[in-house]
Each structure stands twice: as C-alpha cells, then as structure tokens.
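Structure record follows, encoded as structure tokens.
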Amino acid sequence: MTQDYVALGVLIVAGIAFFAFAVIASDMLGRRRSASAEQILTEDGTQPIAEPPVRFRVGYFVYALMLLVFDVGVVFLYLWAVVFHRMGAFVLIQMVVFAGVLVSGLVYAWKEGALEWR
Amino acid sequence: MNALLSSALHASAALVLVLLNGVVLVFMLRRMIGRMHLRRGGLHAGPGGVIQTAADVLKLLSKEGTRPGGVNRWVYAIAPMAVFVPSLVAYAALPFSETLRITRLDTGLLFTFAVLSVVPLGVIAGSLASASNRALIGAMRVVARQLACSVPLLLSVLPVVMITGTLDLGDIVNYQTGLWSGAFPRWFAIPLLPSLAIFTTAALCGLDRTVFDIHGIEPGPESGLAGEYSAMRFGLLCISEFGNVFVISALAVTVFFGGWTLPFVPLDLQSSIGPVVFLIKTYTLVFLFLWTRSVLPRVRTDQLMDLGWKWLIPLSIVWIMLVGLVVKASLPGTVV
Numbered sequence: 011m012t013q014d015y016v017a018l019g020v021l022i023v024a025g026i027a028f029f030a031f032a033v034i035a036s037d038m039l040g041r042r043r044s045a046s047a048e049q050i051l052t053e054d055g056t057q058p059i060a061e062p063p064v065r066f067r068v069g070y071f072v073y074a075l076m077l078l079v080f081d082v083g084v085v086f087l088y089l090w091a092v093v094f095h096r097m098g099a100f101v102l103i104q105m106v107v108f109a110g111v112l113v114s115g116l117v118y119a120w121k122e123g124a125l126e127w128r
Numbered sequence: 003m004n005a006l007l008s009s010a011l012h013a014s015a016a017l018v019l020v021l022l023n024g025v026v027l028v029f030m031l032r033r034m035i036g037r038m039h040l041r042r043g044g045l046h047a048g049p050g051g052v053i054q055t056a057a058d059v060l061k062l063l064s065k066e067g068t069r070p071g072g073v074n075r076w077v078y079a080i081a082p083m084a085v086f087v088p089s090l091v092a093y094a095a096l097p098f099s100e101t102l103r104i105t106r107l108d109t110g111l112l113f114t115f116a117v118l119s120v121v122p123l124g125v126i127a128g129s130l131a132s133a134s135n136r137a138l139i140g141a142m143r144v145v146a147r148q149l150a151c152s153v154p155l156l157l158s159v160l161p162v163v164m165i166t167g168t169l170d171l172g173d174i175v176n177y178q179t180g181l182w183s184g185a186f187p188r189w190f191a192i193p194l195l196p197s198l199a200i201f202t203t204a205a206l207c208g209l210d211r212t213v214f215d216i217h218g219i220e221p222g223p224e225s226g227l228a229g230e231y232s233a234m235r236f237g238l239l240c241i242s243e244f245g246n247v248f249v250i251s252a253l254a255v256t257v258f259f260g261g262w263t264l265p266f267v268p269l270d271l272q273s274s275i276g277p278v279v280f281l282i283k284t285y286t287l288v289f290l291f292l293w294t295r296s297v298l299p300r301v302r303t304d305q306l307m308d309l310g311w312k313w314l315i316p317l318s319i320v321w322i323m324l325v326g327l328v329v330k331a332s333l334p335g336t337v338v
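Protein sequences, first through last, are from chains A and B. Residues in the first sequence are numbered from 11 upward in steps of one, following my numbering. Residues in the second sequence are numbered from 3 upward in steps of one, following my numbering.
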C-alpha cells in the first residue's frame, strides 16, 4: 500500500518535471522575437472594451453552490454504496431520505429559476 | 530503492503513454474528421497523412512561445501545469491487466474522478491570470459545462459500486469475468444499460470542449484557455485534453465492459494479452466518442446545462434507488 503512494508521488513529480522540461525546451528551441505588436492585447483582433477582470453573471455562482451541495452529497453516496450490499434493507430507506433532502434542494432551485441559463 | 525504481519506471511509462496517446489521437482525429467532414487536406502528406502529424509535433516544438501582454506571470506559467499533471496522474489507477497498473488503490474509481476534477481549477486559474476578458468568459462557460456533467458522471457509476461493494478498479474488472447463463458476458453494460447511457451522455458533454473542435473553431470565447497559450504550452494543454478522452473511455471500459478481460476465453490465456485487449476496447470507445462529436452539431451552453442538471441528475438518482431496490429484493442481507 505504501508503495502505491510512493508510485503516486513519483508520478506527480515526474509530471511536473516533464512539464517544466517541455516548456523550457520549447522556449529554447522556438525562435524568439521581441515584437512589440505581440504584446498588445486584443480580443479576436479588436481592442478590449473593458478592464479585466470583467464582471460575470451571478448565475455561475448559483451553479457553483449547487455543485458544492451535490459533490459533497455524492461523496456520502460513494461511502454508502461501498457498504451497501453488506447492510440490511434499512440502508436503502436511509438513503432515500438523504437523497430526498438533496433532491428537494434541486427542486427548490429549479422552482426559483436558478437552473435557467440566462 | 527497488520500490522507487519500479515507480520511476511506471511513471515514465505513463508519460510515454500520455504523449503517444496525444499523437495517436491527433492522427486519428485528422483522418476521421478529414473523411467525415470532407476536409481531406490532412490526409495527403505521406501515407495516410502520417507526415501531417509529424509536422504538427515539430511545429509545436519549434514555435515561439508568446505570452500575451498584461498577464499575471506566475499564475499564467503554473496554470497549464495544473491541467497537465492531473490528467497524467489520472492514469495511475487504471488496470491495464491483472498485474499491469501503476498503483493498486482501494479507492481507484473515486481517485480517478477526484484527480480529473482538478483540471477545471487550472482552466479557471489560467483565464484569471490572463488580461483578456474573452479568455475569462470562455473559461467560465467551459467550466460551467464540465461541472454540470461531472455530477451525473459520478452518479452514473454508483450502481456498479453498490453491486460490487468496492472502488478498486481491478476488483470491479474481476467481478465482470465469466458468463451469465452461459451466453452473455457478465459486463455491467448489459444489466446497467441506463447507467452506461447516463455515463456516455455526461462524458460526451464533459468532453465537449476544444478537443473535438480544435480543427474547426476559430479562437474565440468558447475556446477559453487555448487562445491564451502557444507553442509547447498549447501542445501540453491539447495532450492533456486528449489524455482525458482516453481516461474517460478507459474508465467506461473498466466499469462497464469488463476491462482487460474477454468473455468466452479461458482466464489463464488472457493475462498476457490483457493490455492489448484493454487498449483495443478503449480506442474503440474513443473512436465512438470522436465519431459522435464529429457528426452531431455542437450543443448550446444552456441546453447542455439543462441536460446535466434537469435530466441526468434526477434520472441517475431515480436509477440508483431502483437498482438498490432490485438488489435488496433479490439478495436480502441482515437488517441493521
């Protein structure tokens, strides 16, 4: 088991090292010009019309909240699923209640129009 | 020392696989889309267009890595790493055969999903670092799409975990060996067809990014991060997206199609050809994904969000409860 985590650590380090190597090698191989025109910021060939960071809709925030609720809920569902076949039928009822709470949140958000992409 | 050496070998094998997969998929994509869209330019250089792919790689290596003006240097430099490294690490838990896998994690399934969920973080970071509002808006849209599909993706494999009682991908494969009533392979794709349908739909939506459009779409808001980077950084972003296609297909093969095993073939004959079977199955699925994306039109963002939140999530919760009911009715355990 420890060896598996060592392998995981080595893989992460190897990924970072390869990324650094590839980027540095590409910067050395690729030709370099300090053309000032490249430094001018354009958005699809036009001048930017607003200072970054631009404001974006609150809708994203609502989706992020929904995601948070469901991702945490899904983590519990995974734990439940692993022990599911070892437990009695009562775990199913427990999960129906749990999923019911989750789904009621989804229904509420749906009714309030939070799931409309505007 | 031996453990370190073997993990170093595994890590380099994974790196080679990721890079080769990128090249193979570029080649595959050029050929497929070239024929399907009647854009046959990519097929002419060399036999079957081989030279085109080689030229692509050479171009990425030798281009100037420009950096747009006004970016936040550090975040701009690190963001593609936060996209590339997770998609490399996602290979860690995949079982290529009974013995050939980088790590043997008890939580392999959850681990793979968890690692893949880091990718949107890198996308958001890169776009926030840039001084271009277009990149930011595009990345927000891309991430919103991906997240809408990530929850159904997580929910869709839950019935498999409920039946097998494990998150270890190798054990899930072992559960699917043999035959049902002597005629059907014990693949979860057959009894859990709705799960597979939800998984594929969610995967198609989640992968509905620049990767399938890269040859067709002009750099614009929808391309998000890809417009901000050039040369090798762009290449690594591409490779990581191709890597994600591979990982998602490999997960589907592992969970629903018996992984590296074949039905009707004695198990002791299979240990040597396991990786080959696994790769053939995975690339068949990759082909199906690419085929779907190259034939069907692009889906609008609002439709995609509706599909994820209003259809796939309720459907998968209902399906999980249904599977639970059937499992408990057919094999009642002890009441706790």
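Even for Gly, the Cβ is constructed at its ideal location relative to N, Cα and C.
{"query": "Beta-carbon proximity check, Gly-25 (chain A) vs Phe-86 (chain B), cutoff 8 Å", "result": "yes"}
{"query": "Inter-residue Cα distance where the pair is Ala-233 (chain B) and Ser-332 (chain B)", "result": "57 Å"}
{"query": "Within chain A, partners of Thr-168 (chain B) - CB distance below 8 Å", "result": "Val-92"}
{"query": "Bounding residues of the alpha helix (DSSP H) (the contiguous stretch that carries Ile-282 (chain B))", "result": "276-297"}
{"query": "8 Å Cβ cutoff, Phe-71 (chain A) in contact with chain B", "result": "no"}
{"query": "Outcome for Leu-271 (chain B) when other beta-carbon atoms lying within 10 angstroms are tallied against a minimum of 16", "result": "exposed"}
{"query": "Residues that Leu-181 (chain B) bridges to, as DSSP identifies them", "result": "B:Pro-187"}
{"query": "Euclidean distance between Cα positions of Leu-238 (chain B) and Val-101 (chain A)", "result": "45 Å"}
{"query": "Spatial distance of Val-159 (chain B) from Arg-302 (chain B) (CA atoms)", "result": "26 Å"}
{"query": "Separation of Gly-110 (chain B) from Glu-100 (chain B), as counted between CA atoms", "result": "14 Å"}
{"query": "Range covered by the alpha helix (DSSP H) that runs through Glu-243 (chain B)", "result": "233-258"}
{"query": "Selection from B:Tyr-285, B:Ala-254, B:Ala-56 that minimises the alpha carbon distance to Leu-195 (chain B)", "result": "B:Ala-254"}
{"query": "Leu-21 (chain A) beta carbon less than 8 Å from that of Val-91 (chain B)", "result": "yes"}
{"query": "At least 3 beta-carbon pairs within less than 8 Å: the stretch 163-173 of chain B vs the stretch 83-93 of chain A", "result": "yes"}
{"query": "Rounded straight-line distance, which links the Cα of Phe-186 (chain B) to that of Met-83 (chain B)", "result": "44 Å"}
{"query": "Partner residues on chain B for Gly-25 (chain A), Cβ-Cβ distance less than 7 Å", "result": "Phe-86, Val-87, Leu-90, Val-91"}
{"query": "Any C-beta of chain A under 8 Å from that of Trp-311 (chain B)", "result": "yes"}
{"query": "Beta-carbon proximity check, Ala-191 (chain B) vs Phe-289 (chain B), cutoff 8 Å", "result": "no"}
{"query": "Alpha helix (DSSP H) segment containing Trp-120 (chain A), residue limits", "result": "100-121"}
{"query": "Chain-ordered residues of the stretch 294-319 of chain B with a beta carbon less than 8 Å from chain A", "result": "Thr-303, Asp-304, Met-307, Asp-308, Trp-311, Lys-312, Ile-315, Pro-316, Ile-319"}
{"query": "Cut-off 6 Å between Cβ atoms - residues of its own chain near Thr-118 (chain B), not counting five sequence neighbours on either side", "result": "For the sequence presented, residue 118 (chain B) should be read as Leu rather than Thr. Closer than 6 Å at Cβ, skipping near neighbours: Ala-92."}
{"query": "Listed by chain order, chain B residues near Gly-40 (chain A) by CB distance under 7 Å", "result": "Ser-64, Lys-65, Glu-66, Gly-67, Ala-233"}
{"query": "Arg-37 (chain B), buried or exposed, once every other Cβ within 10 Å from all chains shown has been counted against 16", "result": "exposed"}
{"query": "Within 8 Å, strictly: CB atoms of Leu-340 (chain B) and Leu-130 (chain B)", "result": "A query on residue 340 (chain B) cannot be resolved here, the shown segment of chain B reaching from 3 to 338 and no further."}
{"query": "Beta carbon proximity, Leu-75 (chain A) to chain B, threshold 8 Å", "result": "no"}
{"query": "Check whether Pro-154 (chain B) and Gly-310 (chain B) have beta carbons under 8 Å apart", "result": "yes"}
{"query": "Chain B within 8 Å of Ile-22 (chain A), Cβ atoms only", "result": "yes"}
{"query": "Exposure of Gly-276 (chain B), with buried meaning 16 or more beta-carbon neighbours within 10 Å", "result": "buried"}
{"query": "Chain A residues whose Cβ lies nearer than 8 Å to that of Val-153 (chain B)", "result": "Leu-77, Phe-80, Asp-81, Val-84"}
{"query": "Minimum Cβ-Cβ distance from Val-121 (chain B) to chain A less than 8 Å", "result": "no"}
{"query": "Rounded C-alpha distance that separates Gly-128 (chain B) from Phe-236 (chain B)", "result": "12 Å"}
{"query": "Chain C within 8 Å of Ala-131 (chain B), Cβ atoms only", "result": "Absent here is chain C; the protein component of the structure consists of chains A and B."}
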